[in-house]
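Visitor:
Number of protein chains: 2
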Amino acid sequence: MVKVPNRRQDSRQGSDTPKLEDVAARAGVSTATVSRCLNNPAVVSDATRKKVLDAVRAMGYAPNFGAQALAARRTNTFGAIVPTMENAIFARGLQAFQEALRQQGITLLVASSSYSPELEEQQIHSLVARGADALLLIGHDRPPKCYSFLQKRQVPYVIAWVYDGDEGRVSIGFDNRKAMKSLADAVLDRGHRRLALITADRRNNDRARQRSQGLVDAMTARGLDPETLAVVETAYSIANGAQALEQLMHTTPRPTAVMCGNDVLAAGALTQARKMGLDVPGDLSITGFDDIEIAEIVTPALTTVHVPHRNMGKGAASLLFAMRAGEDPGPSVELEATVILRDSLGPAPDRAP
Amino acid sequence: MVKVPNRRQDSRQGSDTPKLEDVAARAGVSTATVSRCLNNPAVVSDATRKKVLDAVRAMGYAPNFGAQALAARRTNTFGAIVPTMENAIFARGLQAFQEALRQQGITLLVASSSYSPELEEQQIHSLVARGADALLLIGHDRPPKCYSFLQKRQVPYVIAWVYDGDEGRVSIGFDNRKAMKSLADAVLDRGHRRLALITADRRNNDRARQRSQGLVDAMTARGLDPETLAVVETAYSIANGAQALEQLMHTTPRPTAVMCGNDVLAAGALTQARKMGLDVPGDLSITGFDDIEIAEIVTPALTTVHVPHRNMGKGAASLLFAMRAGEDPGPSVELEATVILRDSLGPAPDRAP
DNA sequence: AAGACAAATGTAAGCGCTTACAGTCGCTCA
DNA sequence: TGAGCGACTGTAAGCGCTTACATTTGTCTT
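Chains Y and A, in that order, are what the protein sequence lines are.
The first sequence begins at 1 in full-length UniProt numbering and counts up one residue at a time.
The second sequence begins at 1 in full-length UniProt numbering and counts up one residue at a time.
Written out as structure tokens, the structure is:
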């Protein structure tokens, strides 16, 4: 009933950002044509396209993100939620993911959950609210409501860092259980019988759980009682790895080999072992998992499992592209993780008490 | 002239995302009131607010990001561009930055430039185009056009990781030159006279340049000729650090102390030294810079400079809040960086040839 | 040369919010 | 008692883009 013209910042103060309309005016075409030149150049004639692109360049035009997202109902943004960015575990994979996205003109939104399910759920909502067209998630473990939310919002996602043909979700990764079993086999082959495991909290972490299970598999296969395995659960950090090792060294009988859920814990364990005057691998063998850079530079270098970080990142991107385009991404992808033997693993010390 | 009703996806297929209007209808108020409840609750009566928030919760409403950004001309998103995420150097600072932002309901958009000025410029454009309300940048070195662009677009930014009262920009960080001089003093105090430096490319990196300069300062102050300083420039990576050390060990006279531009290079140098059968610090002292986690776990532990990562991140956030609110952020902030003495630095070996 | 069709471009209706401005509704106070 | 006021709430105009559909123009056919 009431007509109120609505002008906000009429007094431009130099902060002028050209808009589509301005470009159109300068190029002498309609806004639709400019938009098409930018988003679907093929349908515009060569002459017009040149004219328009010249104007775009001359004016330094860049589309307004909000407007574009609103009108197109698409943001060209993918999101990734990783447990942590503070150590290198996920960095390489993320880097590869991002590089693959860039090639398709897609921006990456990263969030970290600090291994907290609540925080992760919040981050999922946040990224979706910010218009992420697709999501990269680590591992399967999360409340069902997270999945139903993504389902309801029709946001495609892929689970990375694990391969599990059984879960009804598209995933790309490796078999954590199998990989850890291989590593444990290498340890057992060297005569170790009193083993210990330093792992992350396994409650909300299927990777940790599967790795732990792989170790149990290996022991069982050799007729060892998994009950004899000493386990310490702790958060991923060098300091915690150190502390866990100290704790384990006070148990009886002392383990001769300590397997760690990842290289960060292993690095801490290694440092602590040295601090306690233990010779690694003479007195004690230590293994890691992931094969991040520090695995190679600690003394002695860590025996570990090399994880295909970069391929997971790249592959995840491909899967998401397909899904966003409405195509069938195909089945989950299994990549190889290989045992890397380095100096921190040696033969079991003599059995003398 | 032509009236064309424009209905897109009329056939809703379960992917219904409630909109403001739906919430308003359910709560029996206007969309304006709902919007106010969410953005400026103080102006709404208690009863109405409760009614609305209940409806919001019941429907699982979340605002559409694009629409909100478009209408409010504000995205509640800050951007950060760091040279790299692949090593821990910037991770901690970024983490702190992000934590501070979260408390204000702001999302962080991270991009990495891989130490490439071109890429960084592109990232700046990209983040601004995506509506970043403010930016965190590392170091002063970048083409003037980057600054004029930000100026023109009225995007507030702060420079972190360096403190330089002279540059006419708000910055938060420490004096790289002074810090490196202190560390170099510690080295010289131990009798070292043949020094070497492994540094990142100094052309587009003021931190590297200043650190290098700090070393020269220390030498000059003791009457040493800076020309005798052997320098290797290389990209930040463990492998490159190793390679640089090897190269330096083939120069005559051999340095007795190798100072590295950061801990990553130092870790590589350390590994290489050991591989070459050198005793550190007996034959050779090595120092790092940054005090990231690996500094403590390598053998021997690295003497380095502790950088106030977290405080820089947190402080940068505060400065940007002020700037976005149109307040005066005050002058640049100088934080302390302190020398951390560990085992990799020892007295110079005997002068015997 | 007229009709058929394809290619290129223009027109204008929203996308889902925020917010300026305009009511509306008690109350207070002279 | 009624003007004045403050506290809320409603109305509706965009924000800058994309895109369905309409229109124009050009190219063939027959």
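Just so it is clear, CB atoms sit at the ideal spot from N, CA and C, and this is done for glycine as well.
Which same chain residues, not among the five before or five after R342 (chain A), have their C-beta less than 6 Å away from its C-beta?
Guide: Same-chain partners within the cutoff: A301, L302 and T303.
Visitor: Since E233 (chain A) is in the beta strand (DSSP E), which residue starts that stretch and which ends it?
Guide: Note, E233 (chain A): beta strand (DSSP E), A230 to E233.
Visitor: For V339 (chain A) and V305 (chain A), what's the separation of their Cα atoms in angstroms?
Guide: Distance between the alpha carbons of V339 (chain A) and V305 (chain A): 4 Å.
Visitor: With a 10 Å radius around its C-beta and 16 neighbouring C-beta atoms as the bar for buried, classify N240 (chain Y) as buried or exposed.
Guide: Under this definition N240 (chain Y) is a buried residue.
Visitor: Can you tell me whether I138 (chain A) is helix, strand or coil according to DSSP?
Guide: I138 (chain A) falls in the strand class under three-state DSSP.
Visitor: How would you list, in chain order, the residues of chain Y whose beta-carbon sits under 9 Å from the beta-carbon of P63 (chain A)?
Guide: What P63 (chain A) touches in chain Y: A129.
Visitor: For a cutoff of 8 Å on Cβ pairs, would you count N87 (chain Y) as touching chain A?
Guide: For N87 (chain Y), the answer is yes, since a Cβ of chain A falls inside 8 Å of its Cβ.
Visitor: In chain Y, which residues lie less than 8 Å from A200 (chain A) when you measure between Cβ atoms?
Guide: What A200 (chain A) touches in chain Y: nothing, since even the nearest Cβ is about 17 Å away.
Visitor: Less than 8 Å between the C-beta atoms of R73 (chain Y) and T17 (chain A), yes or no?
Guide: Contact: no.
Visitor: Could you tell me whether any non-hydrogen atom of the ligand SAM is closer than 7 Å to the CB of G214 (chain Y)?
Guide: The model depicted lacks the ligand SAM and carries no ligand whatsoever.
Visitor: Just the Cα atoms here: how many angstroms apart are M1 (chain Y) and A67 (chain A)?
Guide: Confidence at M1 (chain Y) is low in this model, with a pLDDT of 32, below 50, so the placement of that residue is unreliable and no value is reported for it.
Visitor: Taking Cβ positions only, does A244 (chain A) come closer than 8 Å to chain Y?
Guide: No - not a single Cβ of chain Y is within 8 Å of the one on A244 (chain A).
Visitor: Can you give the Cα-Cα distance for R211 (chain A) and N205 (chain A), rounded to whole angstroms?
Guide: Spanning the two alpha carbons is a distance of roughly 10 Å.
Visitor: Quick check: what's the CA-CA separation for L265 (chain Y) versus S112 (chain Y)?
Guide: Each residue's Cα considered, the two are about 19 Å apart.
Visitor: I need the boundaries of the beta strand (DSSP E) containing G93 (chain A), first residue and last residue.
Guide: From DSSP, G93 (chain A) is part of no beta strand (DSSP E) but of the alpha helix (DSSP H) over A91 to Q103.
Visitor: Which of the three DSSP states, helix, strand or coil, is assigned to H125 (chain A)?
Guide: H125 (chain A): helix per DSSP, three-state reduction.
Visitor: Using DSSP with H/G/I as helix, E/B as strand and the rest coil, what is A132 (chain Y)?
Guide: A132 (chain Y) falls in the coil class under three-state DSSP.
Visitor: Tell me whether D313 (chain Y) sits in a helix, a strand or coil according to DSSP, three-state version.
Guide: Strictly speaking, residue 313 (chain Y) in this sequence is Gly, with Asp absent from that position. Of the three classes helix, strand and coil, the one that applies to G313 (chain Y) here is helix, per DSSP.
Visitor: For the stretch 288-305 of chain A, list every residue whose C-beta sits within 7 Å of some C-beta in chain Y, in sequence order.
Guide: The residues in question are E293, I294, I297, V298 and T299.
Visitor: Measuring only the C-alpha atoms, how far is N40 (chain Y) from D22 (chain Y)?
Guide: Whole-angstrom Cα-Cα distance: 19 Å.
Visitor: Between A27 (chain A) and V56 (chain A), what straight-line distance do the alpha-carbon atoms span, to the nearest angstrom?
Guide: Distance between the alpha carbons of A27 (chain A) and V56 (chain A) is about 9 Å.
Visitor: Counting contacts by CB-CB distance shorter than 8 Å, is G79 (chain A) in contact with chain Y?
Guide: Answer no: the Cβ-Cβ gap between G79 (chain A) and chain Y never drops below 8 Å.
Visitor: So within the stretch 49-88 of chain Y, which uninterrupted beta strand (DSSP E) runs reach at least 3 residues, ignoring any that extend past its ends?
Guide: Correct list: 77-82.
Visitor: Using the C-alpha atoms, what's the distance from R203 (chain A) back to G131 (chain Y)?
Guide: Approximately 39 Å between the Cα atoms of the pair.
Visitor: Using the beta-carbon count (16 or more within 10 Å), is P256 (chain A) buried or exposed?
Guide: Contrary to the premise, residue 256 (chain A) reads as Thr rather than Pro in this sequence. It counts as buried.
Visitor: Grouping DSSP H, G and I as helix and E and B as strand, with all else coil, what is N172 (chain A)?
Guide: Reading the sequence as shown, one finds Ile at residue 172 (chain A) and not Asn. Note: I172 (chain A) maps to strand in three-state DSSP.
Visitor: Taking 7 Å as the limit between beta carbons, can you name the residues of its chain near P117 (chain A), skipping five residues before and five after?
Guide: For P117 (chain A), where only same-chain residues beyond five positions count, the Cβ hits under 7 Å are R142, P143 and N204.
Visitor: Where does Y157 (chain A) sit, in a helix, a strand or coil, going by DSSP?
Guide: It is a strand residue.
Visitor: Span of the beta strand (DSSP E) holding S237 (chain A)?
Guide: Per DSSP, S237 (chain A) belongs to no beta strand (DSSP E) and is neither H nor E.
Visitor: By how many angstroms is the C-alpha of C37 (chain Y) removed from the C-alpha of D10 (chain A)?
Guide: Legend: pLDDT at D10 (chain A) = 35, less than 50; position of this residue unreliable, no value from coordinates given.
Visitor: To the nearest whole angstrom, what separates the beta carbons of A160 (chain A) and A316 (chain A), a pair I think is in contact under 8 Å?
Guide: About 5 Å; that satisfies the 8 Å criterion.
Visitor: Return helix, strand or coil for L284 (chain Y), following the three-state DSSP convention.
Guide: Reduced to three states, the DSSP call for L284 (chain Y) is coil.
Visitor: Which same chain residues, not among the five before or five after A100 (chain Y), have their C-beta less than 6 Å away from its C-beta?
Guide: These residues qualify, in order along the chain: K314 and A317.
Visitor: To which residues of the same chain is M180 (chain Y) closer than 6 Å at the C-beta, ignoring the five residues directly before and after it?
Guide: R211, G214 and L215, listed in sequence order.
Visitor: Which one of A:T252, A:T287 and A:Q104 has the shortest CA to CA distance from A325 (chain A)?
Guide: Minimum Cα distance to A325 (chain A) is reached at A:Q104.
Visitor: Going by C-alpha to C-alpha distance, which of A:P331, A:D350 and A:T251 sits closest to D164 (chain A)?
Guide: Among A:P331, A:D350 and A:T251, the Cα nearest to that of D164 (chain A) is on A:P331.
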